[in-house]
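A.B. asks: Here's a structure for you.
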Amino acid sequence: MSTALMERLRKELADTLTPARDLAAKAQAEGRDLNDDERAAVTDAVTKANGIKSRIDQAQADSDLTAQLGALGDGISFEPGAAKGADRPTEGLWTPRKGETVGQAFVKSASYKSLLSQATNGRFSDRQRIQSDPFGAKALVTGVSDSSAGAMVVNDNIGLQVGLDAFQRPLTLRQLVTTGNTTSDTVEYVRVASTTNNAAPVAEATSSAAPTAPGGAGALVNAAGGGYKPESAMTLAKVTTSVKTIAHWLPATKRALADAGQVRTLIDQFLRYGLEEELEDQIMNGDGTGENFDGIANVSGTQSQAWDSDLLTTTRKARTKVRTVGRSIPTAYVMNPADWEAIDLLQDNENRYYFGGPQRLGQPTLWGLPVVECEAVPSGVAYVGDWRKAVLWDREQANISVTDSHADFFIRNLVAILGEMRAAFGVLQPNAFVEIDLTA
Numbered sequence: 122m123s124t125a126l127m128e129r130l131r132k133e134l135a136d137t138l139t140p141a142r143d144l145a146a147k148a149q150a151e152g153r154d155l156n157d158d159e160r161a162a163v164t165d166a167v168t169k170a171n172g173i174k175s176r177i178d179q180a181q182a183d184s185d186l187t188a189q190l191g192a193l194g195d196g197i198s199f200e201p202g203a204a205k206g207a208d209r210p211t212e213g214l215w216t217p218r219k220g221e222t223v224g225q226a227f228v229k230s231a232s233y234k235s236l237l238s239q240a241t242n243g244r245f246s247d248r249q250r251i252q253s254d255p256f257g258a259k260a261l262v263t264g265v266s267d268s269s270a271g272a273m274v275v276n277d278n279i280g281l282q283v284g285l286d287a288f289q290r291p292l293t294l295r296q297l298v299t300t301g302n303t304t305s306d307t308v309e310y311v312r313v314a315s316t317t318n319n320a321a322p323v324a325e326a327t328s329s330a331a332p333t334a335p336g337g338a339g340a341l342v343n344a345a346g347g348g349y350k351p352e353s354a355m356t357l358a359k360v361t362t363s364v365k366t367i368a369h370w371l372p373a374t375k376r377a378l379a380d381a382g383q384v385r386t387l388i389d390q391f392l393r394y395g396l397e398e399e400l401e402d403q404i405m406n407g408d409g410t411g412e413n414f415d416g417i418a419n420v421s422g423t424q425s426q427a428w429d430s431d432l433l434t435t436t437r438k439a440r441t442k443v444r445t446v447g448r449s450i451p452t453a454y455v456m457n458p459a460d461w462e463a464i465d466l467l468q469d470n471e472n473r474y475y476f477g478g479p480q481r482l483g484q485p486t487l488w489g490l491p492v493v494e495c496e497a498v499p500s501g502v503a504y505v506g507d508w509r510k511a512v513l514w515d516r517e518q519a520n521i522s523v524t525d526s527h528a529d530f531f532i533r534n535l536v537a538i539l540g541e542m543r544a545a546f547g548v549l550q551p552n553a554f555v556e557i558d559l560t561a
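Numbered per my numbering, the sequence shown spans residues 122 to 561.
Next comes the structure, spelled out in structure tokens:
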């Protein structure tokens, strides 16, 4: 490989890795893990860098092999009639060097110099007859042999162009809910079931006499002297949830991992994504049985909004319930992409899009709130609420491990690649969420 090409590959490697290292350094400096976008960017950079590094290593190996061939003995060269270290012949028949084109060989030959000598002041006359000295190859130029045109044929190693993104859905819920950490296998938290607010103005006491009978709403009747404050109530429930394990694995041969560096990267990326996808499904749809989360769709105490007139009316009334019943500030609507499409395409009587049409840019919104599209939400249902009141506690973030100590994998040169994570989930105030029926 030429020095110029080697330098170009090394520069390409540096340009690929530098942004990824900057992202990792930034996360480390801020004392946090990589977010999903940063992790995807770093993974893509590592995959691309592995491919470039393989090309550099292969080129270096070819260069070393060529050097060894030239050092086998004095007088041995890649060109007939040329001693080791001698200049290449410039006349007569020739054998191309590996990687050299016919044009490159010709411009270095005496025939080319003879042709230039026929020019006057660097130009040829329109009527001048121009002819170079004979210049030919010693042997037939073929695409099979490395000593002929085959030397110019280089394997095109383009790797996997599509990647795994084509088979993965965007994941959005983890960024929406509150994220915490736990160092235990069990999490206890307080869930607010109901509140009663009896706050009221209270007159100044006029006597120190004791009351004679209790009254309604925390007041007192026949309370000589007055000055008694009303009593409010709050119903709390202590909820205990255990940390759940989400995991899956893939088998692979040691040879596949050794011969194709991209295979390990692809498997790692696939396994990590699978964990996050299942985590999103559990946050939304976990039914609370066995090892499943108590998800938003099934937790007890959430509100519901039935279909009312049309999509816009229904979604607006649901937002009101978060404020008036849940006493919370809604932070987002979450719905299936198909349902958001139906809303986004709504038009008035003059066929004008309510939401700006195809030229609208930026974050989609509905009734002043961000709209988050999530495939974990089934079509025909949507949710609005204060998503800060749903908490995901990380016990062990997604990790990848490899072992041959599974079944008879050791004697078969197989390995098991395992992706695993542990987390717990809870809803602090269920009535801060409203399930919306979007079907007429």
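Note that beta-carbon positions come from the ideal geometry of N, C-alpha and C, so glycine has one too.
So the beta strand (DSSP E) Gln-424 belongs to, where does it begin and stop?
C.D. replies: Gln-424 -> beta strand (DSSP E) spans 424-426.
A.B. asks: Give me the residue from Trp-508, Ile-538, Met-456, Phe-531 with the minimum Cα distance to Pro-499.
C.D. replies: When each option's Cα is compared against that of Pro-499, the closest is Met-456.
A.B. asks: Kindly indicate the opening and closing residues of the beta strand (DSSP E) around Trp-514.
C.D. replies: It spans 511-524 - the beta strand (DSSP E) in which Trp-514 sits, taken as one unbroken run.
A.B. asks: For Leu-371, which of helix, strand or coil comes out of DSSP?
C.D. replies: Three-state result, Leu-371: strand.
A.B. asks: Give me the residue from Gly-416, Gly-447, Ala-503 with the minimum Cα distance to Ala-459.
C.D. replies: Of the candidates Gly-416, Gly-447, Ala-503, the one whose C-alpha sits nearest the C-alpha of Ala-459 is Ala-503.
A.B. asks: Note the first and the last residue of the continuous alpha helix (DSSP H) segment covering Pro-458.
C.D. replies: 458-465 is the extent of the alpha helix (DSSP H) around Pro-458.
A.B. asks: Leaving out five residues on either side along the sequence, give the residues of the same chain with a beta carbon under 6 Å from the beta carbon of Glu-128.
C.D. replies: If we look at Glu-128 and ignore the five residues flanking it on each side, it has no Cβ neighbours.
A.B. asks: Determine the contact status of Gly-540 and Arg-393, defining contact as a CB-CB distance below 7 Å.
C.D. replies: A contact, by the Cβ cut-off of 7 Å.
A.B. asks: Residue range of the alpha helix (DSSP H) that Thr-436 falls in?
C.D. replies: Counting along the chain, the alpha helix (DSSP H) containing Thr-436 begins and ends at 432-445.
A.B. asks: How is Asn-552 classed by DSSP in three states: helix, strand or coil?
C.D. replies: It is helical.
A.B. asks: DSSP three-state call for Tyr-349: helix, strand or coil?
C.D. replies: In the structure shown, Tyr-349 sits in coil (DSSP, three-state: anything other than H, G, I, E or B).
A.B. asks: When you compare the segment 159-175 with the segment 365-384, are there three or more beta-carbon pairs, one atom per stretch, that lie closer than 8 Å?
C.D. replies: Yes: at least three Cβ pairs fall under 8 Å.
A.B. asks: Going by DSSP, which residues form a beta bridge with Arg-543?
C.D. replies: According to DSSP, Arg-543 bridges with Thr-366, Glu-517.
A.B. asks: Just checking, does the segment 539-557 make contact with the segment 503-521 on the three C-beta pairs under 8 Å criterion?
C.D. replies: As far as the Cβ criterion goes, the segment 539-557 touches the segment 503-521, which means the pair count is three or higher.
A.B. asks: Can you tell me which of Leu-549, Asp-306, Arg-533 puts its alpha carbon nearest to the alpha carbon of Glu-412?
C.D. replies: For the residues Leu-549, Asp-306, Arg-533, the minimum Cα distance to Glu-412 belongs to Asp-306.
A.B. asks: Let's see if you can read the secondary structure: which residues bound the beta strand (DSSP E) around Arg-312?
C.D. replies: Counting along the chain, the beta strand (DSSP E) containing Arg-312 begins and ends at 307-317.
A.B. asks: DSSP on Asn-156, reduced to helix/strand/coil?
C.D. replies: DSSP places Asn-156 in coil when its eight states are reduced to three.
A.B. asks: Which of helix, strand or coil does DSSP assign to Pro-479?
C.D. replies: Note: Pro-479 maps to helix in three-state DSSP.
A.B. asks: For chain D, is any of its Cβ atoms less than 7 Å away from the one on Phe-476?
C.D. replies: Chain labels in this structure do not include chain D; a single protein chain is all it has.
A.B. asks: Checking 7 Å against the spacing of the C-beta atoms, do Arg-481 and Thr-299 come in under that value?
C.D. replies: For Arg-481 and Thr-299, no; Cβs fall outside 7 Å.
A.B. asks: For Glu-151, which residues from the same chain have a beta carbon less than 6 Å from its beta carbon, with the 5 sequence-adjacent residues on both sides left out?
C.D. replies: Nothing listed; no residue qualifies.
A.B. asks: So Leu-297 is in the alpha helix (DSSP H); what residue range does that whole segment cover?
C.D. replies: Residues 294-297.
A.B. asks: For Gly-506, write down the residues that DSSP places opposite it in a beta bridge.
C.D. replies: DSSP output for Gly-506 lists Ala-453, Phe-554 as bridge partner(s).
A.B. asks: Between the Cα of Val-548 and those of Thr-435, Gly-501, Asn-406, Val-493, spot the shortest distance and give me the residue it belongs to.
C.D. replies: Of the listed residues, the one whose Cα sits closest to Val-548 is Asn-406.
A.B. asks: Does the Cβ-Cβ distance between Ala-561 and Trp-428 come in under 7 Å?
C.D. replies: Yes, Cβ-Cβ distance for Ala-561 and Trp-428 is below 7 Å.
A.B. asks: Of the residues Ala-463, Thr-361, Val-492, which one's Cα is nearest the Cα of Thr-293?
C.D. replies: Ranking Ala-463, Thr-361, Val-492 by Cα distance to Thr-293 puts Val-492 first.
A.B. asks: Are the beta-carbon atoms of Thr-361 and Glu-399 separated by less than 7 Å?
C.D. replies: Cβ distance not < 7 Å, so Thr-361 and Glu-399 don't count as in contact.
A.B. asks: According to DSSP, is Ala-141 part of a helix, a strand, or is it coil?
C.D. replies: Of the three classes helix, strand and coil, the one that applies to Ala-141 here is helix, per DSSP.
A.B. asks: Taking buried to mean at least 16 other C-beta atoms within 10 Å of its own C-beta, is Ala-320 buried or exposed?
C.D. replies: The residue in question, Ala-320, is exposed, as its Cβ has fewer than 16 Cβ neighbours within 10 Å.
A.B. asks: Tell me which residues share the same chain as Gln-282 and place their Cβ nearer than 7 Å to its Cβ, disregarding the 5 neighbours each side in the sequence.
C.D. replies: Per-residue confidence for Gln-282 stands at a pLDDT of 44, beneath the threshold of 50, marking its modelled position as unreliable; no derived number is given.
A.B. asks: Could you spell out where the beta strand (DSSP E) holding Thr-491 opens and where it closes?
C.D. replies: Before going further, note that residue 491 is Pro rather than Thr in the sequence given. Taken as a continuous stretch (DSSP letters only), the beta strand (DSSP E) holding Pro-491 covers 490-494.
A.B. asks: Please say whether Thr-436 and Pro-551 have beta carbons closer to each other than 7 Å?
C.D. replies: In this structure, Thr-436 does not lie closer than 7 Å to Pro-551 by Cβ.
A.B. asks: With 16 as the cutoff for other CB atoms within 10 Å, does Arg-440 come out buried or exposed?
C.D. replies: Per the 10 Å Cβ criterion, buried.
A.B. asks: Taking the alpha-carbon of Ser-363 as reference, which of Ala-463, Asp-515, Ala-314, Thr-374 has the nearest alpha-carbon?
C.D. replies: The shortest C-alpha separation from Ser-363 is found at Asp-515.
A.B. asks: Tell me whether Thr-139 is buried or exposed, calling it buried when 16 or more other Cβ atoms sit within 10 Å of its Cβ.
C.D. replies: Thr-139 comes out exposed.
A.B. asks: Does Ile-197 pass the burial test, meaning 16 or more other C-beta atoms within 10 Å, or should it be called exposed?
C.D. replies: For Ile-197, the pLDDT reaches just 46, beneath the cut-off of 50, and the residue's location in the model is therefore unreliable, leaving the point undetermined.
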